[in-house]
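For reference, the structure is listed below as structure tokens.
2 protein chains.
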Amino acid sequence: MSDKNVKYSLTFIILIIGIMDSKVRDILFTNYKHQFNHDLLEQIAEVGTYHSFPENTMLIDFGQRTEHMPLLISGAIKILREDDNGKELFLYFLEKGDTCTMTFTTAPQIISEIRAITEVRTELIMMPLEHIQKWMSNPDWQQFVFNSFTSRMQEMLEAIDTLAFMNLDQRLHKYLLEKASIMKSEVVVCSHEELALDLNTSRVVISRILKQLENKGLLVLRRGAIEVLTQLV
Amino acid sequence: MSDKNVKYSLTFIILIIGIMDSKVRDILFTNYKHQFNHDLLEQIAEVGTYHSFPENTMLIDFGQRTEHMPLLISGAIKILREDDNGKELFLYFLEKGDTCTMTFTTAPQIISEIRAITEVRTELIMMPLEHIQKWMSNPDWQQFVFNSFTSRMQEMLEAIDTLAFMNLDQRLHKYLLEKASIMKSEVVVCSHEELALDLNTSRVVISRILKQLENKGLLVLRRGAIEVLTQLV
DNA sequence: TAGCTCCTGTAACATAAGTTACAATCGGGT
DNA sequence: ACCCGATTGTAACTTATGTTACAGGAGCTA
Numbered sequence: 005m006s007d008k009n010v011k012y013s014l015t016f017i018i019l020i021i022g023i024m025d026s027k028v029r030d031i032l033f034t035n036y037k038h039q040f041n042h043d044l045l046e047q048i049a050e051v052g053t054y055h056s057f058p059e060n061t062m063l064i065d066f067g068q069r070t071e072h073m074p075l076l077i078s079g080a081i082k083i084l085r086e087d088d089n090g091k092e093l094f095l096y097f098l099e100k101g102d103t104c105t106m107t108f109t110t111a112p113q114i115i116s117e118i119r120a121i122t123e124v125r126t127e128l129i130m131m132p133l134e135h136i137q138k139w140m141s142n143p144d145w146q147q148f149v150f151n152s153f154t155s156r157m158q159e160m161l162e163a164i165d166t167l168a169f170m171n172l173d174q175r176l177h178k179y180l181l182e183k184a185s186i187m188k189s190e191v192v193v194c195s196h197e198e199l200a201l202d203l204n205t206s207r208v209v210i211s212r213i214l215k216q217l218e219n220k221g222l223l224v225l226r227r228g229a230i231e232v233l234t235q236l237v
Numbered sequence: 005m006s007d008k009n010v011k012y013s014l015t016f017i018i019l020i021i022g023i024m025d026s027k028v029r030d031i032l033f034t035n036y037k038h039q040f041n042h043d044l045l046e047q048i049a050e051v052g053t054y055h056s057f058p059e060n061t062m063l064i065d066f067g068q069r070t071e072h073m074p075l076l077i078s079g080a081i082k083i084l085r086e087d088d089n090g091k092e093l094f095l096y097f098l099e100k101g102d103t104c105t106m107t108f109t110t111a112p113q114i115i116s117e118i119r120a121i122t123e124v125r126t127e128l129i130m131m132p133l134e135h136i137q138k139w140m141s142n143p144d145w146q147q148f149v150f151n152s153f154t155s156r157m158q159e160m161l162e163a164i165d166t167l168a169f170m171n172l173d174q175r176l177h178k179y180l181l182e183k184a185s186i187m188k189s190e191v192v193v194c195s196h197e198e199l200a201l202d203l204n205t206s207r208v209v210i211s212r213i214l215k216q217l218e219n220k221g222l223l224v225l226r227r228g229a230i231e232v233l234t235q236l237v
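In the order they appear, the protein sequences are chains A and B.
Quick note, the first sequence lines up with residues 5 to 237 if you use this note's numbering.
Quick note, the second sequence lines up with residues 5 to 237 if you use this note's numbering.
Pasting the structure below:
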């Protein structure tokens, strides 16, 4: 578990940060005016709260309960899965426009199956779970929910493909490309140890494979960082 | 690709089999009266068509388009994923009450990401995709759709856990237990070759591990079949 | 500068899984 | 009875990945 740098837990943060409705409304109308109609935006603005988290903040953890659903405004979130022995596995990144659909249910609160950690400073709007269903009569919302579900499904399928059909060298390279894309920089700042945690393997193995990838000319190794030379298509 | 025994493609079957509405209504009211209210049942009965497929029938394949969504009445369906090189991977089984939610979208037709094959004789009701959204105003239907999504998510997560955190011997044992449960028999009828295809490995490896499991007393090997001794919890 | 921790490189070995090759056996059909 | 294909068993080898151990460098702080 690499939570040494994880700074706050969402549950507490929500209680602390409260920003007035006007800001929520502004942000919503700026970012979602093409996706949601005016009425829906107003409704979301009424119940949603704005939050901004620094990088490496754990938003939710396995088994933790939540009564909110996040709507991503900016930044990026890393989604992880963990097994009984505490071994982690990276699943996918969430970016603007995404929501954490794992949670959809009719229950008033849900128990998280995943861990979510911000990769960079991230802004989001939290909506109480109870409204998700209520708004389903709104076609824009319905579309949004369906699209979110479908996206998460696709990402899970991709995670499965990666695990089932790719070797570690390919998985590592893919991960670095995605991370570079998320960070908007070819230089991925992280240690071999952190990569090993996300890919559920050991540091030595990562070091070995990184060296191979460097020899192939796919990247350049630096201390505490990796320069990715090839681009994502 | 193990389609040597796959008998028909759904696309054709749908055109061939047409059973009168009364049967659909009877089946629906018998199987779903606790889940859907009367109005909804009537609406489903109006547009749904009943179908019965023998075991080992491919219902849908990768890249294939469909304008229908199945509602499972009896039997069991195996869901598979395939990579570019034709290598397969078992994902999970669907049973009564399930639907193939991968497909939810607002588009009038969808392209399948998975392959679905009946494990035993299977009865289902096919509903045109266009109604899925229309019915969302009905709370029972909404609940059903959400539950389906959540179930599929859970199954995908389990598939990921299995791939990421378990060795082949555990995966194989787990697969056999699930299959025995689906077939309602401790004797799983299938060759080592078929197991190798579903677990994306080779026959020799499966034979080797089966022998290990037999030595551990977890199962008994027969020609063309495996008797599973331990039960699913 | 000394001491400390974190990060990286590397070797040597262990284990899991994939590959190739071949033999033996079963069962169905002619 | 015989043939033949499908199924299974097994050996020998390769490759991928995991494990343990240790060394050296970078950067920080006293």
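All C-beta atoms in this analysis are idealised placements derived from N, C-alpha and C, irrespective of residue type, glycine included.
Against chain A, a Cβ distance below 7 Å from residue 146 (chain B) picks out 137 and 140. Looking at A:33, A:71 and A:165, the one whose alpha-carbon comes closest to that of residue 46 (chain A) is A:33.
Counting only unbroken stretches of 3 or more residues, the beta strand (DSSP E) elements lying wholly within the segment 32-110 of chain B are 53-57, 62-64, 72-78, 81-86 and 92-98, in sequence order. The closest CA to that of residue 48 (chain A), considering only A:62, A:158 and A:28, is found on A:28. With a 10 Å radius around the Cβ and a threshold of 16 neighbouring Cβ atoms, residue 208 (chain B) comes out exposed. Within the segment 136-177 of chain A, the alpha helix (DSSP H) runs of at least 4 residues that lie entirely inside it are, in chain order, 143-169. Residue pairing by DSSP places residue 121 (chain B) opposite B:62 and B:82 in a beta bridge. Here residue 229 (chain B) is exposed. Its C-beta has fewer than 16 other C-beta atoms within 10 Å. Within chain A, the C-beta atoms nearer than 8 Å to that of residue 85 (chain B) come from 161, 164, 165 and 168, in chain order.
Any Cβ of chain A closer than 9 Å to the Cβ of residue 156 (chain B) would place that residue at the interface, and such an atom is present.
Beta-bridge annotation (DSSP): residue 210 (chain B) is not paired with any residue. Taking every protein chain shown into account, the CB of residue 79 (chain B) has 16 or more other CB atoms within 10 angstroms, so this residue is buried. When B:224, B:225, B:164 and B:137 are compared, the shortest CA-CA separation from residue 94 (chain A) is found for B:164.
Taking every protein chain shown into account, the CB of residue 162 (chain B) has fewer than 16 other CB atoms within 10 angstroms, so this residue is exposed. The beta carbon of residue 204 (chain B) sits closer than 9 Å to some beta carbon of chain A.
Partner residues in the beta bridge of residue 130 (chain B), as assigned by DSSP, are B:53 and B:74.
Straight across, the Cα-Cα distance linking residue 62 (chain A) with residue 185 (chain A) is about 21 Å.
When only Cα atoms are considered, residue 138 (chain B) and residue 215 (chain A) end up about 55 Å apart. Between residue 204 (chain B) and residue 169 (chain A), the C-beta gap is smaller than 9 Å, which places the two residues in contact.
Taking a Cβ-Cβ cut-off of 7 Å, residue 176 (chain A) has no neighbours in chain B, whose nearest Cβ is about 15 Å from it. Going by beta carbons, residue 81 (chain B) and residue 97 (chain B) fall inside the 9 Å limit. Of the residues A:37, A:120 and A:160, the one whose Cα lies closest to the Cα of residue 60 (chain A) is A:120.
For residue 183 (chain A), the number of other beta carbons within 10 angstroms of its own is at least 16, and it is reported as buried. Taking residue 221 (chain B) as reference, the option from B:234, B:155, B:211 and B:210 with the minimal CA-CA separation is B:234.
When secondary structure is reduced to three states using DSSP, residue 29 (chain A) falls in the helix class. According to DSSP, residue 231 (chain A) shares a beta bridge with A:191 and A:224. For residue 172 (chain B), the nearest beta carbon of chain A is not closer than 9 Å to its own beta carbon. Distance from residue 102 (chain A) to residue 152 (chain A) at the Cβ level is roughly 7 Å; contact confirmed, criterion being Cβ atoms closer than 8 Å. By the rule that beta-carbons nearer than 9 Å mark a contact, residue 95 (chain A) touches chain B. Rounded to the nearest whole angstrom, the CA to CA distance from residue 231 (chain B) to residue 192 (chain B) is 6 Å.
Look at the segment 32-60 of chain B: it has no residue with a C-beta under 9 Å from a C-beta of chain A. The C-beta of residue 35 (chain B) has 16 or more other C-beta atoms within 10 Å across all chains shown, which makes the residue buried. Approximately 6 Å separates the beta-carbon atoms of residue 114 (chain B) and residue 70 (chain B); this is inside 8 Å, confirming the contact.
With fewer than 16 other Cβ atoms inside 10 Å of its own Cβ, residue 225 (chain A) counts as exposed.
Between the alpha carbons of residue 38 (chain A) and residue 83 (chain A) lies a distance of about 27 Å. Under a 10 Å Cβ-count criterion, residue 197 (chain B) is classified as exposed, with fewer than 16 other Cβ atoms of the shown protein chains found around its own Cβ.
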